[in-house]
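Going by the numbering used here, the sequence shown opens with residue 1, and the numbers climb by one from there.
A quick write-up on the structure given underneath.
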Amino acid sequence: MHAPIQDSHGRTASYMRISVTDRCNLRCTYCAGEGMEFIPHPDILRYEEILDLISLAEGFGVEKVRFTGGEPFVRKGFADFMMKAAQRFPEVDMCVTTNGTLIGDHVERLAKAGVKRMNISLDTMDRAKFEKITGRDEYNTVRENIDRCLDAGMTVKVNSVAMKGVNDNELPGFVEFASERNLDFRFIEFMPVGTETGWKDDLVWTADEILNEASELTELRPSVNGSKHGHGPARMFDIVNGKGRIGLISPYTNHFCATCNRLRITSDGLLRTCLFSDKVYNLRPALRNSKLGVEFVERIIRAANRNKPIGHELLKKMPAGQGVCQTRMASIGG
Ligand code: SAM
Numbered sequence: 001m002h003a004p005i006q007d008s009h010g011r012t013a014s015y016m017r018i019s020v021t022d023r024c025n026l027r028c029t030y031c032a033g034e035g036m037e038f039i040p041h042p043d044i045l046r047y048e049e050i051l052d053l054i055s056l057a058e059g060f061g062v063e064k065v066r067f068t069g070g071e072p073f074v075r076k077g078f079a080d081f082m083m084k085a086a087q088r089f090p091e092v093d094m095c096v097t098t099n100g101t102l103i104g105d106h107v108e109r110l111a112k113a114g115v116k117r118m119n120i121s122l123d124t125m126d127r128a129k130f131e132k133i134t135g136r137d138e139y140n141t142v143r144e145n146i147d148r149c150l151d152a153g154m155t156v157k158v159n160s161v162a163m164k165g166v167n168d169n170e171l172p173g174f175v176e177f178a179s180e181r182n183l184d185f186r187f188i189e190f191m192p193v194g195t196e197t198g199w200k201d202d203l204v205w206t207a208d209e210i211l212n213e214a215s216e217l218t219e220l221r222p223s224v225n226g227s228k229h230g231h232g233p234a235r236m237f238d239i240v241n242g243k244g245r246i247g248l249i250s251p252y253t254n255h256f257c258a259t260c261n262r263l264r265i266t267s268d269g270l271l272r273t274c275l276f277s278d279k280v281y282n283l284r285p286a287l288r289n290s291k292l293g294v295e296f297v298e299r300i301i302r303a304a305n306r307n308k309p310i311g312h313e314l315l316k317k318m319p320a321g322q323g324v325c326q327t328r329m330a331s332i333g334g
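The following block contains the structure:
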């Protein structure tokens with residue numbers, strides 16, 4: 001076991017988000033939209049390289065790994081890879097964020113292999129609106145797959161990007177959905193990441209507004225454990241007369257940078273220490289060079305993390321109406 005990785009603000013890295021592809025089968029307006037250029041295949045980290053990275057990260061104290069994208073299940077062999085990773089690193093909390101469109105055939109075997117949790121994105125309860133937001137008619141598939149995950153005994157978190165003029169008229173439906181199921185329904189404030197999302201300050205449906213409106217619809221009680229698993233950034237509330245919980249993630253109005261424990265790895269092996277900063281550190285050449293070895297990768301991560309910024313200070317300097325960084329969310333992985 002190596003020493004934990006700390007930054008100059010005293011934050012320890014214990015959570016790694018790994019994007020396995022920048023490709024996605026949806027075209028969500030707030031994320032990327034149509035017409036993307038993709039990273040060339042040879043530059044994408046191979047599965048073996050990702051396993052090397054996880055092994056290294058476990059050694060310096062990373063306890064949780066989340067696979068993301070793009071859409072992870074678009075990448076060939078991803079479900080098998082994830083099962084292999086879960087079996088090889090049983091001590092690491094291994095999870096995935098997905099749009100839920102392609103998981104149907106994999107849910108049961110993933111659950112059997114020890115994948116206990118699934119985060120699924122769903123921004124509306126309306127099929128036509130789903131198609132408008134994502135560019136694809138996959139609403140029914142996602143709904144079915146959420147229930148399939150629950151039936152397989154998985155812990156399910158549904159993530160919904162909260163946007164005024166898009167889904168702020170759907171709160172009763174969201175609350176009803178969460179009341180009827182044993183899951184966490186989490187609202188994420190629309191973030192100004194990337195330059196093509198049409199982000200504007202007044203499009204952010206804030207966490208406080210959601211909480212106030214939801215409290216008028218149903219009785220909510222702060223959850224004793226906050227997040228069921230670990231100390232995530234979500235403020236969680238039990239629905240007193242329902243099965244599920246409502247969560248609020250407020251990166252825009254109430255940042256959680258002081259407790260940020262994340263390292264983000266893009267699919268081409270760039271380390272990003274802060275979601276809101278385009279400063280990256282390329283791990284791929286070192287990961288691919290057997291002479292340098294993973295020790296050298298660790299040295300890069302340690303040096304990079306020393307300069308990890310407080311992202312919210314970058315947000316404050318953001319020009320009005322623009323993205324805080326150039327990189328699309330689809331490339332970073334959220
Ligand atoms: N394809 C997967 C999915 O749909 O969950 C994983 C990648 S997606 C980039 C990861 C998360 O980022 C999703 O929950 C998505 O809703 C969220 N996201 C994307 N763009 C966002 C934005 N501008 N503001 C807030 N959340 C965003």
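Cβ atoms here follow ideal geometry from the backbone N, Cα and C, with glycine treated the same way.
Are the beta-carbon atoms belonging to Ser55 and Phe89 less than 9 Å from one another? yes
Compute the Euclidean distance between the alpha carbons of Ile332 and Met118, then round it to the nearest angstrom. Near 19 Å, if we compare the C-alpha coordinates of Met118 and Ile332.
Report the residue from Ala320, Thr327, Val193 whose alpha carbon sits nearest the alpha carbon of Asp202. Ala320
Among the candidates Leu283, Val161, Lys243, Arg235, whose CA atom is the shortest distance from the CA of His255? Arg235
Val20, buried or exposed, once every other Cβ within 10 Å from all chains shown has been counted against 16: Around the beta carbon of Val20, a 10 Å sphere encloses 16 or more other beta carbons of the protein chains shown; the residue is thus reported as buried.
Three-state secondary structure (DSSP) at Gly69? Gly69 falls in the coil class under three-state DSSP.
Is any non-hydrogen atom of the ligand SAM found closer than 8 Å to the C-beta of Gly242, if you look at the structure I gave you? no
Cα-Cα, which of Asp52, Cys31, Ala303 is closest to Gly323? Cys31
Using 8 Å as the Cβ pair cut-off and three pairs as the minimum, do the stretch 218 to 226 and the stretch 188 to 203 touch? no
Are the beta-carbon atoms belonging to Arg262 and Glu49 less than 9 Å from one another? no
Taking 9 Å as the threshold (C-beta atoms), are Asn159 and Leu122 in contact? Cβ distance < 9 Å, so Leu122 and Asn159 count as in contact.
For Met1, count neighbouring C-beta atoms within 10 Å of its own C-beta (all shown protein chains included) and say buried if the count is 16 or more, exposed if not. Label assigned to Met1: exposed.
Less than 9 Å separating the beta-carbons of Thr134 and Leu26? yes
Between the CA atoms of Met94 and Leu53 - distance to the nearest angstrom: 14 Å
Comparing C-alpha positions only, which one of Lys132, Asn99, Leu171, Phe38 sits nearest to Asn145? Asn99
For Lys157 and Arg186, believed in contact at Cβ under 8 Å, the rounded distance: 6 Å
For Met154 and Ala113, what's the separation of their Cα atoms in angstroms? Between the C-alpha atoms of Met154 and Ala113 there is a straight-line separation of about 12 Å.
C-beta contact flag for Ala79 and Met16 at 9 Å: no
From Leu271 to Ile265, what does the alpha carbon distance come to, in whole angstroms? Computed Cα separation, rounded: 5 Å.
With a threshold of 8 Å, establish whether the CB of Glu189 neighbours any heavy atom of the ligand SAM. yes
Residues bridged to Ala162 (per DSSP): Glu189
Report the CB separation of Thr273 from Asn305 in whole angstroms; it is logged as a contact under 8 Å. 6 Å
Report the rounded CA-to-CA distance for Thr12 versus Asp137, giving the unit in angstroms. 41 Å
Range covered by the beta strand (DSSP E) that runs through Ser121: Counting along the chain, the beta strand (DSSP E) containing Ser121 begins and ends at 117 to 121.
So if DSSP puts Asp325 in a beta bridge, which residue, or which two residues, is it bridged to? This sequence places Cys at residue 325; Asp is not what is there. Bridge partners of Cys325: Val193.
Cross-strand partners of Asn140 (DSSP beta bridge): BP columns for Asn140 are empty, so no partner.
Less than 9 Å between the beta carbons of Ile103 and Arg66, yes or no? no
Minimum C-alpha distance to Trp205 - residue among Leu220, Pro251, Gly232: The shortest C-alpha separation from Trp205 is found at Pro251.
Nearest-angstrom Cα separation, counted from Cys149 out to His106: Straight-line Cα distance between these residues: approximately 10 Å.
Nearest residue (CA-CA) to Val115, options Lys64, Asn140, Glu131, Phe130: The candidate whose alpha carbon is nearest that of Val115 is Lys64.
Going by other Cβ atoms of all chains shown within 10 Å of its Cβ, with 16 needed for buried, is Val240 buried or exposed? Around the C-beta of Val240, fewer than 16 other C-beta atoms lie within 10 Å, and the residue is accordingly described as exposed.
Distance check for Arg328 and Leu315, CA to CA, integer angstroms please. Their Cα atoms are separated by approximately 16 Å.
Expressed to the nearest angstrom, what Euclidean distance is found between the alpha-carbon atoms of Leu171 and Ala330? 26 Å
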